[in-house]
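Reviewing the structure listed below.
Residue numbers (our numbering), protein chains in the order written: chain A, 4 to 118; chain B, 3 to 118.
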């Protein structure tokens with residue numbers, strides 16, 4: 004079956020530090036890959052996505068590249084801000100010929116950015 | 003404003019007392035789904051629906067029921083809640099297309115359920 008493994012953290016950084024959150028996946032087909040962000044007390048928001056190998060998703064200064072050869076989709080940001088403090092989830096969607104758009108999530112990584 | 007709404011946002015109940023968590027979307031999405039979020043486990047799918055009157059089990063359906071009588075609504079029913087159903091629940095929706103392998107899912111704000 005499909006699975007997503009991400010570094011669990013928590014991760015604590017100072018403002019303007021470089022961020023990497025590792026994510027690797029296992030999938031039987033050709034999945035689409037996502038990073039979702041959950042701010043305190045809120046639901047999940049799509050941060051970025053990549054739907055095929057070598058695609059780079061980017062949004063709000065965050066980037067991730069779909070690496071099929073290493074089955075990875077690591078999240079990076081060059082300079083984090085206090086407002087980036089949240090839980091980050093790596094996820095995949097693999098329709099696999101079926102009809103369920105189920106997202107398979109990693110366990111989430113809590114990021115805290117200190118001023 | 004395009005959104006997914008859930009009610010209630012917080013609920014404390016006792017074992018065995020039937021409850022329903024409502025989910026509604028205003029984007030005319032065909033696909034809707036329920037997830038539960040537990041510490042250290044991430045989110046896991048409970049049930050999903052591809053359209054009105056079409057529902058199917060996800061990964062953790064035991065103890066839950068759903069219905070899809072209208073396109074916009076997808077309630078989650080716990081007929082006899084137990085403490086192991088204490089969790090944070092999210093509803094999600096998206097467009098559905100047979101020819102597409104991906105459509106962005108939009109999530110509701112979550113319902114925090116405690117079963118005593």
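We put the beta carbon where it would ideally sit given N, CA and C, even for glycine.
Cβ shell of residue i (< 6 Å), same chain only, five flanking positions each side left out
| i | result |
| --- | --- |
| residue 127 of chain A | Absent from the model: residue 127 of chain A. The displayed extent of chain A is 4 to 118, so no value can be given. |
Secondary structure of residue i, DSSP reduced to three states
| i | result |
| --- | --- |
| residue 25 of chain A | coil |
| residue 95 of chain B | strand |
| residue 87 of chain B | helix |
| residue 88 of chain A | coil |
| residue 57 of chain A | coil |
| residue 109 of chain B | strand |
| residue 14 of chain A | strand |
| residue 30 of chain A | coil |
| residue 71 of chain B | coil |
| residue 17 of chain B | coil |
| residue 82 of chain B | coil |
| residue 83 of chain A | coil |
| residue 73 of chain A | coil |
| residue 11 of chain B | coil |
| residue 27 of chain B | strand |
| residue 118 of chain B | coil |
| residue 62 of chain A | strand |
Cutoff 8 Å; reference residue i; Cβ partners in own chain excluding five residues on either side
| i | result |
| --- | --- |
| residue 112 of chain B | 8, 11, 39, 90, 91 and 92 |
| residue 55 of chain B | 70 and 71 |
Partner residues on chain B for residue i, Cβ-Cβ distance less than 7 Å
| i | result |
| --- | --- |
| residue 28 of chain A | The contacting residues do not exist; residue 28 of chain A stays about 13 Å from chain B at best. |
Chain-ordered chain B contacts of residue i [CB-CB under 9 Å]
| i | result |
| --- | --- |
| residue 119 of chain A | The question about residue 119 of chain A has no answer, for chain A in this structure spans 4 to 118. |
Contacts of residue i in chain A (Cβ-Cβ under 8 Å)
| i | result |
| --- | --- |
| residue 92 of chain B | 46 and 47 |
Chain-ordered chain A contacts of residue i [CB-CB under 7 Å]
| i | result |
| --- | --- |
| residue 47 of chain B | 105 |
| residue 105 of chain B | 104 |
Contacts around residue i, its chain only, beta-carbon distance under 7 Å, and the 5 residues preceding and following it disregarded
| i | result |
| --- | --- |
| residue 88 of chain B | 115, 116 and 117 |
| residue 65 of chain B | 80, 84 and 87 |
| residue 96 of chain B | 31, 33, 105, 106, 107 and 108 |
| residue 28 of chain B | 4, 5 and 74 |
Neighbouring residues, chain B, relative to residue i (Cβ below 8 Å)
| i | result |
| --- | --- |
| residue 65 of chain A | Within 8 Å Cβ-Cβ: nothing; residue 65 of chain A doesn't reach chain B, min ~16 Å. |
| residue 76 of chain A | In chain order: nothing, as chain B lies at least about 14 Å away. |
Interface partners of residue i on chain A, CB under 9 Å
| i | result |
| --- | --- |
| residue 96 of chain B | 104 |
| residue 111 of chain B | 44, 45 and 46 |
- What are the residues of the stretch 41-62 of chain A that lie near chain B, defined by any Cβ-Cβ distance shorter than 9 Å? 41, 44, 45, 46, 47, 48, 49, 52 and 54
- Query: At which residue ranges does the stretch 43-68 of chain B contain complete beta strand (DSSP E) runs of 3 or more residues, listed in the order of the chain?
  - Reply: 44-53 and 56-59
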